[in-house]
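Q: In terms of our numbering, the sequence shown opens at residue 1 and continues consecutively. Cβ atoms here follow ideal geometry from the backbone N, Cα and C, with glycine treated the same way. None of the values given here were measured: they were computed from a predicted structure. My structure is below; once you've seen it, I'll send some questions.
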Amino acid sequence: MALLFRLRWLLGCLFMLLGLVKLTDCISADVHQHAKREFIKFAKVFPLNDLGITVDPSMYLAAVGWIEVVAGFLLTFSTGALQEISTVVLAIVMMADP
């Protein structure tokens with residue numbers, strides 16, 4: 001049980017860190033700039049482009065960053081249903097990341 005708690009804590013902190021890197025350049029300016037360049041590419045292959053829904057790359061980056069921060073926080077510090085929801089949300093974000 002302690003191993004699962006540590007793993008959940010580690011993964012939650014990792015997702016929070018990755019989300020913060022997407023939101024700000026204070027942690028690593030190089031990685032943040034790389035993420036901005038990649039999300040310009042990701043916006044071109046956004047799944048809803050076929051339906052005429054386009055997305056601004058900077059808003060896309062911010063949305064994914066906030067989702068990772070909030071879901072990582074819930075994974076780390078919540079229990080029960082919120083923890084399970086955060087796990088599903090993070091899995092979807094990982095699968096949707098081109």
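Between which two residues does the alpha helix (DSSP H) holding I67 run?
A: 57-77
Q: Which same chain residues, not among the five before or five after F15, have their C-beta less than 8 Å away from its C-beta?
A: E68, V69, A71, G72, L75, L90, listed in sequence order.
Q: Would L61 pass as a contact of F39 if the rule is Cβ separation under 8 Å?
A: yes
Q: Hey, is V64's beta-carbon within less than 8 Å of any beta-carbon in chain C?
A: No chain C is part of this structure, which consists of one protein chain only.
Q: Since K44 and A35 are thought to touch, with beta carbons under 8 Å apart, how far apart are those beta carbons, to the nearest angstrom?
A: K44 to A35, Cβ: 15 Å. No contact.
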